[in-house]
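Structure, as structure tokens:
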Amino acid sequence: MGNKLYVGNLAYSVRDESLQQAFGQFGTVSSAKVMMDRETGRSKGFGFVEMASDAEAQAAINGMNGQPLEGRAIVVNEARPREERPGGFGGGGGGYGGGGGRSGGGGYGGGGGRSGGGGYGGGGG
2 MGNKLYVGNL
12 AYSVRDESLQ
22 QAFGQFGTVS
32 SAKVMMDRET
42 GRSKGFGFVE
52 MASDAEAQAA
62 INGMNGQPLE
72 GRAIVVNEAR
82 PREERPGGFG
92 GGGGGYGGGG
102 GRSGGGGYGG
112 GGGRSGGGGY
122 GGGGG
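Those letters in the sequence shown? Residues 2 to 126, by this note's numbering.
Below you can see the structure in the form of structure tokens.
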């Protein structure tokens, strides 16, 4: 359990100070940041709150998840590090037909497509 929290479904009116106040009842808030759109200057509807300890972070999740903040029920959970998210659609395993796509052995015509013996004229890749 980390002490950094993701806060989602925020009303566009919520600012850093609102988050700081709301989460302050569960312990010391090290930082509270609403993510803003650089182009428009509007809130993106989510942010991050960092608590001083894991225990305070857990208390904040238990106490704030699903609670209304400025008119909207917010979502609070542990923030996941960015590195763990696979990039793009189909991530990790090779997207369409490459080393583990939908058809198993490598897309159209690669040693184990739909027709068993190698898809469209493959004979084993």
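Ideal Cβ positions, reconstructed from N, Cα and C, are used throughout, including at glycine.
Note that the structure is a prediction, hence the values are computed from the model and not measured.
Put residue i into one of helix, strand or coil per three-state DSSP.
| i | result |
| --- | --- |
| residue 11 | coil |
| residue 78 | strand |
Which residues bound the beta strand (DSSP E) around residue i?
| i | result |
| --- | --- |
| residue 33 | 30-37 |
Taking all protein chains shown into account, do 16 or more other C-beta atoms lie within 10 angstroms of the C-beta of residue i, making it buried, or fewer, making it exposed?
| i | result |
| --- | --- |
| residue 53 | exposed |
| residue 56 | exposed |
| residue 36 | exposed |
| residue 48 | buried |
| residue 4 | buried |
Could you check where the alpha helix (DSSP H) with residue i kicks off and where it finishes?
| i | result |
| --- | --- |
| residue 44 | Note, residue 44: premise wrong, no alpha helix (DSSP H); beta strand (DSSP E) at 44-52. |
| residue 63 | 55-65 |
| residue 24 | 17-25 |
Within 8 Å (strictly less), CB to CB, does residue i reach chain C?
| i | result |
| --- | --- |
| residue 16 | Note that chain C does not occur in the displayed structure, where there is just one protein chain. |
Is there contact between the region 28-43 and the region 68-85, where contact requires at least three CB pairs shorter than 8 Å?
Touching, no, given that fewer than three Cβ pairs across the two stretches are closer than 8 Å.
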